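So the structure is just underneath, and the comments pick up after that.
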Amino acid sequence: MPGLTHYLILASALFCIGIFGLLTRRNAVGVLMSIELMFNAVNINFIAFSRFLTPDAISGQIFAIFVITIAAAEAAVGLAIIMLLYRNFRGIEVDKINFMKW
Amino acid sequence: MSLILFYILAGVILISALMVVTLRNIFHSALSLVFTFFFVAGIYLMLDAEFLAAIQVLIYVGAVTILILFAIMLTHKIQSHSARQVNENVIPAAIICVLFLAMAGFTMIKTFDVPSAPSSGAWTASLDLSDLPADHQRWNWTINIEDRQGQSYVAGGYFALYSDRRRPAKVRPVKLKNNKNGYILSASSDYSTVEKIFSADQTAYMKVWTDGVDINSIAKAEWTLTAKTDFEVTIELSNNAIEKIGRLLMSDFVLPFEVVSILLLAALIGAIVIARKDE
């Protein structure tokens, strides 16, 4: 039987992979995909804690539902922003979009 | 058995997640993102969260990846196949991530390496309190579980009603804040104890753990509730969290639910406004 620690370590490994992608991807869509990976890691944590620590209450699953909802909203807005960036800069490499840097 | 399944799922998840962040072709990354999401849904199933697994498949595998694929198609350039996909931060980022993972893993192993509740065989029993006879303070219950192989298991515990002075008492209602009659009910099973104040018309839910039974193989479960006298009641068994999720969303979490609906509406309109071509 996998215990709580198994799930937590899986989630943190997934979260670290997400951070790695977030830091290294040049493509803005790749950055968004890394953020989705991190959301999934958070959800695994929520559900695992809900399952193992308070099996009678399922608030963790409710939180995960809200996280999924907000992740969907974030993906929609983020991809709209990417479309706009592509239209104005002819490319979505995040290291080229620096006109607000001083 | 389920440990092997967990390792398979975790391996596929981690490998395909690594492919998401390292592949040169962003289109292939999106496809392995689909794999990651799908197997994370499998992890949800292992955690008894069937509803969330369905949501994961519907929203992530069905909707979010389609959005991402659309964005890739609409922004893809031919020469970007050969373009560098990662920036110069690869080595520092890898070092930071490995260090963070080591720290987090160390902390988790140190913190949560305690025997927790057994991870299989959870059933929820619901019991109408008004069905309880009024002349006892404590009812023992047993549950007989039969799995698909015909093996049977027994688990047990007790329900106890407390008076407001925290002593076991005969069924004597306590006054709740809203002037209703209520009971303090403590329900215990082999691994968990629930203690809550219920009003008379409420149903008490508790989760029951039985050792050594895989929840998916349970074919039949029968409850008996016995007091000193001959008294037997069958308790309704339900194992779906979906009903509880629905109730919670409409009662305790109704404000976040409504706020999130407005957020979704705002995100929808915002996405349209941002992505629209200027006239």
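Going line by line, the protein sequences match chains G and D.
FYI, the numbering for the first sequence is 275 to 376, going by the numbering used here.
FYI, the numbering for the second sequence is -8 to 270, going by the numbering used here.
Yeah, the Cβ is synthetic: ideal placement off N, Cα and C, and Gly gets one too.
Fair warning: this is a prediction, and the values are worked out from it, not measured in the lab.
If you draw a straight line from the alpha carbon of residue i to that of residue j, how long is it in whole angstroms?
i: Y35/D; j: A1/D; result: 12 Å
i: G112/D; j: R238/D; result: Note that G112/D scores 42 on pLDDT, short of 50, meaning its location in the model is unreliable; the coordinates nonetheless yield the value given after this. Cα to Cα, the separation comes out at about 23 Å.
i: F340/G; j: V351/G; result: 17 Å
i: G96/D; j: V264/D; result: 43 Å
i: F15/D; j: Q76/D; result: Checking the sequence shown, residue 15/D turns out to be Arg, not Phe. Rounded to whole angstroms, R15/D to Q76/D spans 6 Å at the Cα level.
i: L255/D; j: T343/G; result: 8 Å
i: K375/G; j: D369/G; result: 11 Å
i: L43/D; j: Q335/G; result: 7 Å
i: A21/D; j: S308/G; result: 10 Å
i: Y51/D; j: I57/D; result: 9 Å
i: E249/D; j: A347/G; result: 15 Å
i: A62/D; j: I293/G; result: 21 Å
i: A315/G; j: A32/D; result: 12 Å
i: F320/G; j: I236/D; result: 15 Å
i: H280/G; j: F(-3)/D; result: 9 Å
i: I82/D; j: C88/D; result: 10 Å
i: I4/D; j: L24/D; result: 9 Å
i: N80/D; j: A93/D; result: 20 Å
i: N78/D; j: D243/D; result: 46 Å
i: S7/D; j: I17/D; result: 13 Å
i: I291/G; j: L9/D; result: 6 Å
i: T102/D; j: N372/G; result: 43 Å
i: S324/G; j: I260/D; result: 34 Å
i: L65/D; j: I366/G; result: 11 Å
i: A54/D; j: A322/G; result: 24 Å
i: D269/D; j: H19/D; result: 32 Å
i: M275/G; j: H67/D; result: 45 Å
i: I(-1)/D; j: P247/D; result: 36 Å
i: T13/D; j: R299/G; result: 8 Å
i: A84/D; j: F313/G; result: 19 Å
i: I(-5)/D; j: F30/D; result: 14 Å
i: A345/G; j: L90/D; result: 27 Å
Less than 8 Å between the CB atoms is what I'm expecting for residue i and residue j, so what's the real figure, rounded?
i: V11/D; j: G295/G; result: 7 Å
i: L353/G; j: I318/G; result: Not quite, the Cβ-Cβ distance comes to about 24 Å (not below 8 Å), so this is no contact.
i: M99/D; j: S286/G; result: 7 Å
i: I59/D; j: L358/G; result: Not confirmed; about 16 Å, so no contact.
i: L278/G; j: F337/G; result: Rounded, the Cβ-Cβ distance is 17 Å, inconsistent with contact.
i: A45/D; j: I332/G; result: Their Cβ separation, rounded to whole angstroms, is 15 Å, which puts A45/D and I332/G out of contact at 8 Å.
Would you say residue i reaches chain D, if we count a Cβ-Cβ gap shorter than 7 Å as a contact?
i: V303/G; result: yes
i: M374/G; result: no
i: N319/G; result: no
i: V341/G; result: no
i: F363/G; result: no
i: I356/G; result: yes
i: F323/G; result: no
i: F294/G; result: yes
i: V351/G; result: yes
i: A347/G; result: yes
i: M312/G; result: no
Counting C-beta neighbours from all protein chains within 10 Å, is the total for residue i 16 or more, i.e. buried, or is it exposed?
i: D39/D; result: buried
i: E310/G; result: buried
i: F363/G; result: exposed
i: G304/G; result: buried
i: I86/D; result: exposed
i: N301/G; result: buried
i: S252/D; result: exposed
i: T27/D; result: buried
i: L297/G; result: buried
i: R267/D; result: exposed
i: R361/G; result: exposed
i: A262/D; result: buried
i: M37/D; result: buried
i: V245/D; result: exposed
i: M(-8)/D; result: exposed
i: L288/G; result: buried
i: A257/D; result: exposed
i: I356/G; result: buried
i: L282/G; result: buried
Closest Cβ-Cβ distance between residue i and chain G: below 7 Å?
i: K101/D; result: no
i: G261/D; result: yes
i: I226/D; result: Note that I226/D scores a pLDDT of 47, beneath 50, so its modelled location is shaky; the value from the coordinates is reported in the next line. Closer than 7 Å: no.
i: L43/D; result: yes
i: R158/D; result: Residue confidence for R158/D is low, a pLDDT of 49 falling below 50, so the modelled location carries little weight and cannot support an answer.
i: V81/D; result: yes
i: D221/D; result: Legend: pLDDT at D221/D = 41, less than 50; position of this residue unreliable, value from coordinates given subsequently. By this cut-off, D221/D is not an interface position.
i: S(-7)/D; result: yes
i: A93/D; result: no
i: G96/D; result: yes
Which residues does DSSP pair with residue i in a beta bridge?
i: V77/D; result: R299/G
i: E367/G; result: N301/G
Check the Cβ of residue i against every Cβ in chain C and list those closer than 8 Å, keeping chain order.
i: I366/G; result: Among the protein chains of the structure shown, namely G and D, there is no chain C.
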